[in-house]
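Enquirer: After the structure tokens below, expect a handful of questions from me.
Number of protein chains: 2
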Amino acid sequence: MTEVQHKGRVAIVGTGLVGSGWAIVFARAGYPVALYDAVPGAAGRALALIGERLIDLQKAGLTGDPAPIQARIMVASSLTEALANAIYVQESVFERVDVKTELMREIDAVVGKDTLIGSSSSGIGASHFTEHVACRARCLVAHPVNPPYLAPIVELVPAPWTAPETVQAVRRLMEDVGQSPVEMTREAEGFILNRLQGVLLMEAWRLVEQGLATAEDIDKTVSQGLGLRWAFMGPFETIDLNAPGGIADYATRLGGLYQRIAASTSEHRVWDAELIAKVEAQRREHLAAADLPSRGAWRDRRLMALARHVQQQDAADLRADE
Amino acid sequence: MTEVQHKGRVAIVGTGLVGSGWAIVFARAGYPVALYDAVPGAAGRALALIGERLIDLQKAGLTGDPAPIQARIMVASSLTEALANAIYVQESVFERVDVKTELMREIDAVVGKDTLIGSSSSGIGASHFTEHVACRARCLVAHPVNPPYLAPIVELVPAPWTAPETVQAVRRLMEDVGQSPVEMTREAEGFILNRLQGVLLMEAWRLVEQGLATAEDIDKTVSQGLGLRWAFMGPFETIDLNAPGGIADYATRLGGLYQRIAASTSEHRVWDAELIAKVEAQRREHLAAADLPSRGAWRDRRLMALARHVQQQDAADLRADE
Chain A
980 MTEVQHKGRV
990 AIVGTGLVGS
1000 GWAIVFARAG
1010 YPVALYDAVP
1020 GAAGRALALI
1030 GERLIDLQKA
1040 GLTGDPAPIQ
1050 ARIMVASSLT
1060 EALANAIYVQ
1070 ESVFERVDVK
1080 TELMREIDAV
1090 VGKDTLIGSS
1100 SSGIGASHFT
1110 EHVACRARCL
1120 VAHPVNPPYL
1130 APIVELVPAP
1140 WTAPETVQAV
1150 RRLMEDVGQS
1160 PVEMTREAEG
1170 FILNRLQGVL
1180 LMEAWRLVEQ
1190 GLATAEDIDK
1200 TVSQGLGLRW
1210 AFMGPFETID
1220 LNAPGGIADY
1230 ATRLGGLYQR
1240 IAASTSEHRV
1250 WDAELIAKVE
1260 AQRREHLAAA
1270 DLPSRGAWRD
1280 RRLMALARHV
1290 QQQDAADLRA
1300 DE
Chain B
980 MTEVQHKGRV
990 AIVGTGLVGS
1000 GWAIVFARAG
1010 YPVALYDAVP
1020 GAAGRALALI
1030 GERLIDLQKA
1040 GLTGDPAPIQ
1050 ARIMVASSLT
1060 EALANAIYVQ
1070 ESVFERVDVK
1080 TELMREIDAV
1090 VGKDTLIGSS
1100 SSGIGASHFT
1110 EHVACRARCL
1120 VAHPVNPPYL
1130 APIVELVPAP
1140 WTAPETVQAV
1150 RRLMEDVGQS
1160 PVEMTREAEG
1170 FILNRLQGVL
1180 LMEAWRLVEQ
1190 GLATAEDIDK
1200 TVSQGLGLRW
1210 AFMGPFETID
1220 LNAPGGIADY
1230 ATRLGGLYQR
1240 IAASTSEHRV
1250 WDAELIAKVE
1260 AQRREHLAAA
1270 DLPSRGAWRD
1280 RRLMALARHV
1290 QQQDAADLRA
1300 DE
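Keeping their order, the protein sequence lines are chains A and B.
Residue 1301 is where the first sequence ends in the working numbering, and the numbering goes up by one at each step.
Residue 1301 is where the second sequence ends in the working numbering, and the numbering goes up by one at each step.
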């Protein structure tokens, strides 16, 4: 197994929203990218969409000229062609164990012996679909947030048979393309990001179920309160700075409150059909189903503006440190 | 009971970090503010600190000339003087039931018959300290995020005896001063904000306890992933926009994953002394205890810049809608 080579080719297998986002990340950083999708024509359509996204990113001040970036991305006509000479494969197909298992068998048959393979799986560990392939020591999960070219986090999660060198080489690759890798020591369903999102959503559903607050007010509490800190500090740094003596001091002051909250959150039904219908109705009052795509476009604009804001602030922090 | 009168006097009782922040919110919006603190000299010191904060806010482009704002804030020499002609009292003393109960008795003895009283309590419901006062129908919790002049959310939480008109009048006052009120229908420990923060922190502690990830990587997963959405959308809007068919579609796709995550999160010790010491040690490697204040100042600068960013984006959204 060799190190990931600088500017070697990256293969994207599965060219939906996630795969297309990854293509932008690697091509923007100077890597040649090969797109492959089993659905005929899908990779070509993805390339056209990537071109539109690159123009949006340039307008938002997040990337330069789209032309040389797009020029690094080619459509491969077969899996074999996509994987030829690839240093890394980013698998981004549908999130189902049988689909990923079958694809891994196909990849295993043609992949080079030094190529590393990351899966975009958002919750299923690589152990569920790589056990029986010869390349399994070179497989892991590399889970992005959508879209990866705006949210830098990538969760690296090894299967029990993933080689430690695989994790370290993919970490270096991710850092080299400007992403921000985090590591789990072993698999846990949902990884870090969706476990944290999951428990918060669970409590949000409970508050609605118990009639304590509306979905709209819960959303405001996050977007105009908690989320304003979490956009640049994590939960531990937030509480570390929220008591004069740091996190241990905070735990002394507020640990009891949080224990009592935890004790009162058990045994309620959530993610339940009736409750989902109730919140769906509340959401549709604020946003008609027909307006979901335009609101999605709004979300993308705001994410781009926020990404640029964060970049500028980080750069200013760096200058202040010099 | 009358409506909250426009630009009537607001009394701040307890002039620590929270009370001082409230003074800026009300004075910035044109309300005369009286500061009172039982500790001799404390209100005067708060006024000096408020002056410094107003200069910071002006530099960040968030407020205009500090002078007229500061001129609206006066130090009262007694509780009686602070409450004279006040339309609203924002109680911001130490978060302990006995302390708040005693203060409410003192307020009850001198408060005007139309004055409304909001408590900054971050987790204790008003029922725990207002049961035996005559003014209890005019009392509720109005819990801010720190600092309230940067994070607009205010949680309004009625006690069982709070008059509905009290909630509505305080809501209008909060909207008038530019805050963003949300309402609970009844008390629940921790209210909305700290319940949501609490469950996320609980899972964060568990991930560290189980050795699945470091506190640093958990922080990065939020600040460079989840938090980038939650800074301008709440958790329900986030998932509503994260599946083509909206929130019900999302629940169909991912409800099962979140149910499995929930099933795997029970019965671990968290907020436990040994675990706190472990995360404290991880944090102190990144940030020495002596550097907590300077990092707190960094946090305040970043919050100000983010608040300005959000204001500009909201204004651009409004212009686009016109």
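The beta carbon of each residue, even a glycine, is placed where N, CA and C say it ideally should be.
Run down chain A in chain order and give the residues with a C-beta less than 8 Å from the C-beta of P1214(B).
Expert: Q1176, L1179, L1180, A1183, I1197, D1198 and V1201
Enquirer: How long is the line joining the alpha carbons of V1076(B) and E1182(B), rounded to whole angstroms?
Expert: So the two alpha carbons sit approximately 28 Å from each other.
Enquirer: Once you ignore the five residues that flank F1211(B) on each side, which residues in its own chain have a CB closer than 8 Å to its CB?
Expert: V1289 and Q1292.
Enquirer: To the nearest angstrom, how far is the alpha carbon of R1185(A) from that of A1006(B)?
Expert: 37 Å
Enquirer: Which residues does DSSP list as the beta-bridge partners of E1070(A)?
Expert: V992(A) and S1098(A)
Enquirer: Alpha carbon to alpha carbon, how far is I1029(A) from M1053(A)?
Expert: 11 Å
Enquirer: By the three-class DSSP mapping on this structure, what secondary structure does L1119(A) have?
Expert: Strand.
Enquirer: Output, in chain order, the set of chain B residues within a Cβ distance shorter than 9 Å of Q1292(A).
Expert: R1280, R1281, A1284, L1285 and H1288
Enquirer: With the cut-off set at 9 Å, would you say G1190(B) and T1164(A) are in Cβ contact?
Expert: Closer than 9 Å, so yes.
Enquirer: Along chain B, in chain order, which residues have C-beta atoms closer than 8 Å to that of L1220(A)?
Expert: L1271, R1274, G1275 and R1278
Enquirer: Which residue from T1200(A), V1187(A), G993(A) and R1232(A) puts its Cα closest to that of M1083(A)?
Expert: That would be G993(A), whose Cα lies nearest to the Cα of M1083(A).
Enquirer: Ends of the beta strand (DSSP E) at L1297(A)?
Expert: L1297(A) -> not in any beta strand (DSSP E); alpha helix (DSSP H) instead, spanning L1271 to D1300.
Enquirer: Is the Cβ of E982(B) closer than 9 Å to any Cβ of chain A?
Expert: With a pLDDT of only 43 at E982(B), under 50, the local geometry of the prediction cannot be trusted, and the value read off the model is given with reservation. In terms of beta-carbon proximity, E982(B) stays away from the interface with chain A, with every pair separated by 9 Å or more.
Enquirer: Chain A beta carbons: is any one of them nearer than 9 Å to that of R1151(B)?
Expert: no
Enquirer: In chain order, what residues of the segment 1222–1240 of chain B put their CB closer than 7 Å to some CB of chain A?
Expert: G1225, I1226, A1227, A1230, G1234, L1236, Y1237, Q1238, R1239 and I1240
Enquirer: Give the residues of chain A in contact with W1209(B), contact being defined as C-beta atoms less than 8 Å apart.
Expert: V1201, S1202, L1205, G1206, W1209 and A1210
Enquirer: Using a threshold of 9 Å, state whether the C-beta atoms of E1074(A) and I1096(A) are closer than that.
Expert: No, they are not a contact pair.
Enquirer: Under 9 Å, do S1057(B) and A1025(B) count as touching if we go by C-beta distance?
Expert: No, Cβ-Cβ distance for S1057(B) and A1025(B) is not below 9 Å.
Enquirer: Using 8 Å as the threshold, is the segment 1236–1243 of chain A in touch with the segment 1168–1177 of chain B, meaning 3 or more CB pairs across them?
Expert: Cβ pair count under 8 Å is three or more, so yes.
Enquirer: State yes or no: is the C-beta of E1134(B) within less than 9 Å of the C-beta of E1154(B)?
Expert: At a Cβ-Cβ threshold of 9 Å, E1134(B) and E1154(B) do not count as neighbours.
Enquirer: What is the rounded straight-line gap between the Cα of I1374(A) and the Cα of F1170(B)?
Expert: Absent from the structure is residue 1374(A), since the part of chain A shown begins at 980 and ends at 1301.
Enquirer: May I ask you to verify whether the segment 1063–1072 of chain A touches the segment 1035–1044 of chain A, counting CB pairs closer than 8 Å and requiring at least 3?
Expert: no
Enquirer: Would S1106(B) pass as an interface residue toward chain A - the criterion being a Cβ-Cβ separation below 9 Å?
Expert: No, no contact with chain A.
Enquirer: Excluding five sequence neighbours on each side, which residues of the same chain lie with their C-beta closer than 8 Å to the C-beta of Y1229(A)?
Expert: I1218, D1219, N1221 and A1222
Enquirer: Tell me which residues share the same chain as Q1049(A) and place their Cβ nearer than 8 Å to its Cβ, disregarding the 5 neighbours each side in the sequence.
Expert: A1006, L1026, I1029, G1030 and L1033
Enquirer: By alpha-carbon positions, which one of S1101(B), V1258(B), T1145(B) and P1123(B) ends up nearest to C1114(B)?
Expert: T1145(B)
Enquirer: Return yes when the Cβ of L996(B) is within less than 9 Å of the Cβ of N1173(B), no when it is not.
Expert: No, Cβ-Cβ distance for N1173(B) and L996(B) is not below 9 Å.
Enquirer: Would you tell me roughly how many angstroms separate the C-alpha atoms of A1267(A) and I1255(A), rounded to the nearest one?
Expert: 16 Å
Enquirer: Going along chain B in order, which residues have a C-beta closer than 8 Å to the C-beta of S1071(A)?
Expert: Result: empty, since nearest Cβ-Cβ is about 16 Å, beyond 8 Å.
Enquirer: Could you give the distance in angstroms between the alpha-carbon of L1282(B) and the alpha-carbon of E1253(A)?
Expert: 39 Å
Enquirer: Going by DSSP, what residues sit across from L1014(A) in a beta bridge?
Expert: I991(A) and V1054(A)
Enquirer: Tell me the rounded alpha-carbon separation between A1276(B) and D1270(B).
Expert: 10 Å
Enquirer: To be precise: take each residue of the segment 1015–1048 of chain A, compare its Cβ to all Cβ atoms of chain B, and keep it if any distance is under 7 Å. Which residues remain?
Expert: none
Enquirer: Take the Cβ of A1046(A) as the centre, count every other Cβ of all protein chains shown within 10 Å, and call the residue buried at 16 or more, exposed below.
Expert: Exposed.
Enquirer: Mind checking the segment 1126–1141 of chain A against chain B and listing, in chain order, the residues whose C-beta falls within less than 8 Å of any C-beta there?
Expert: Flagged, chain order: L1129, A1130, P1131, I1132 and E1134.
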